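This note's numbering runs 523 ahead of the 1-based position in the sequence shown. For each residue, glycine too, the CB sits at the ideal point set by N, CA and C. Just so it is clear, the structure is predicted and the values come from calculations on it, not from any experiment. Structure record follows, encoded as structure tokens.
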Amino acid sequence: MGPIESYLSIDEVIRVAKLSGADAIHPGYGLLSESPEFVDACEEAGITFIGPKAETMRSLGNKVAARNLAISAGVPVVPATKPLPKDMAKIKKMAGDIGYPLMLKASWGGGGRGMRVIRSEQDVENETLEARREAAAAFGKDEIYFEKLVENARHVEAQVLGDGQGNAVHLFERDCSVQRRNQKVVERAPAPYLSDEQREELCGYALQIANKTNYLGAGTVEFLMDIDTGAFYFIEVNPRVQVEHTVTEEVTGIDIIKAQIHLVDGHKIGTKASGVPRQEDIKLNGHALQCRITTEDPEQNFIPDYGRITAYRGATGFGIRLDGGT
Numbered sequence: 524m525g526p527i528e529s530y531l532s533i534d535e536v537i538r539v540a541k542l543s544g545a546d547a548i549h550p551g552y553g554l555l556s557e558s559p560e561f562v563d564a565c566e567e568a569g570i571t572f573i574g575p576k577a578e579t580m581r582s583l584g585n586k587v588a589a590r591n592l593a594i595s596a597g598v599p600v601v602p603a604t605k606p607l608p609k610d611m612a613k614i615k616k617m618a619g620d621i622g623y624p625l626m627l628k629a630s631w632g633g634g635g636r637g638m639r640v641i642r643s644e645q646d647v648e649n650e651t652l653e654a655r656r657e658a659a660a661a662f663g664k665d666e667i668y669f670e671k672l673v674e675n676a677r678h679v680e681a682q683v684l685g686d687g688q689g690n691a692v693h694l695f696e697r698d699c700s701v702q703r704r705n706q707k708v709v710e711r712a713p714a715p716y717l718s719d720e721q722r723e724e725l726c727g728y729a730l731q732i733a734n735k736t737n738y739l740g741a742g743t744v745e746f747l748m749d750i751d752t753g754a755f756y757f758i759e760v761n762p763r764v765q766v767e768h769t770v771t772e773e774v775t776g777i778d779i780i781k782a783q784i785h786l787v788d789g790h791k792i793g794t795k796a797s798g799v800p801r802q803e804d805i806k807l808n809g810h811a812l813q814c815r816i817t818t819e820d821p822e823q824n825f826i827p828d829y830g831r832i833t834a835y836r837g838a839t840g841f842g843i844r845l846d847g848g849t
């Protein structure tokens, strides 16, 4: 079994956890972090999963199910299809019913994998097949769907924390509009273009979804903001910690990873033991910007690359935080 496959193997991860004597698993981001089957396996093995319950994963980790939940919670969404069938003629009809341009998305996972912009019917077949392959390789599932593309939009998301005991708070929002190949490159908190009223609206929508599911742990509710109208549209929930959680920690002073552990351990929001204050006590302080550093080949259209590190000098100075590993 290769290194990537081993991290996607539920049996292998559980085996190693038992071998090491671990009594809890923090899934990080990517790989099995959004797998309800992995949450079930942890429970069966007597290992605490630091994240939402399996039933929450099933209702939010799958983007199609999450859309349906958002609608039931009264949160606005963009038009979209059900999961696509295998029959190409039916797929093309579904695309035509929504109307071009479209965004093709993987139902599971994140990180921009499986996403494609489709502007005409002639692109549907090839892009659909490619998206299925990419989604299956990254998440172990090839389910995909169409969503109407909002062309002139910003990508803004709200961070939420829940204790699974009827309490949830938001830690305000992050702007993630600077992207390449549908992957975030620069994130900032808070979003500088939002008014206080828009911020309240956005974060209110996020809490509606968190409360609807009696959410446990950390989650991010992502939205598109139509630049022309100012309207927000729900796109997905990431039922896990995200790479960009660091900027939220910097402007709120709340350690999200520590909070995840305390909340899953049964501590209620608003208590000192949870590390999560009541909503009225959570304040924005300053502005934070995160830049992702990745290895890419500029001569090959910036595809992911690897190589030997011959020298390394980390960033230092007042107000600088460096999260990374080699």
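Point to revise | DSSP state of A660 mapped onto helix, strand, coil | key: helix
Check your understanding: Three-state secondary structure (DSSP) at I732?
Key -> helix
Review point. Using DSSP with H/G/I as helix, E/B as strand and the rest coil, what is E648?
Key: helix
**Study point:** First through last residue of the beta strand (DSSP E) which encompasses A676
**Key:** 676-686
Check your understanding: Can you tell which of Q783, P624, F825 has the C-alpha that lies nearest to the C-alpha of G574?
Key -> Q783
Check your understanding: If you draw a straight line from the alpha carbon of E629 to that of G793, how long is it in whole angstroms?
Key -> Per the sequence shown, residue 629 should be read as Ala rather than Glu. Approximately 36 Å, taken between the alpha carbons.
Review point. Given that a residue counts as buried once 16 or more other Cβ atoms are within 10 Å of its Cβ, and exposed if not, what is K795?
Key: exposed
Practice item. Can you tell me which of D646, K586, R711 puts its alpha carbon nearest to the alpha carbon of I614? Key: D646
**Study point:** Among D788, P800, E822, F841, nearest to A811 - alpha-carbon criterion
**Key:** F841
**Study point:** Contact between the region 724-737 and the region 535-548 (3+ Cβ pairs under 8 Å)
**Key:** no
Check your understanding: If you draw a straight line from the alpha carbon of F669 to that of L625, how long is it in whole angstroms?
Key -> 6 Å
Practice item. Using DSSP bridges, identify the partner residues of F746. Key: V679, F757
Review point. Assuming T579 and L739 make a contact with CB atoms under 8 Å, what is their CB distance in whole Å?
Key: 7 Å
Check your understanding: Just how far apart, CA to CA, sit I832 and L845?
Key -> 17 Å
Check your understanding: What residue does the beta strand (DSSP E) around A629 start on, and which one ends it?
Key -> 625-629
Review point. In three-state terms, what does DSSP make of P821?
Key: helix
Exercise for review: Go through its chain and collect everything with a Cβ distance to Y829's Cβ below 7 Å, but skip five positions before and after it.
Suggested key: T818
Point to revise | Per DSSP, the bridge partner or partners of T771 | key: T771 is not bridged to any residue.
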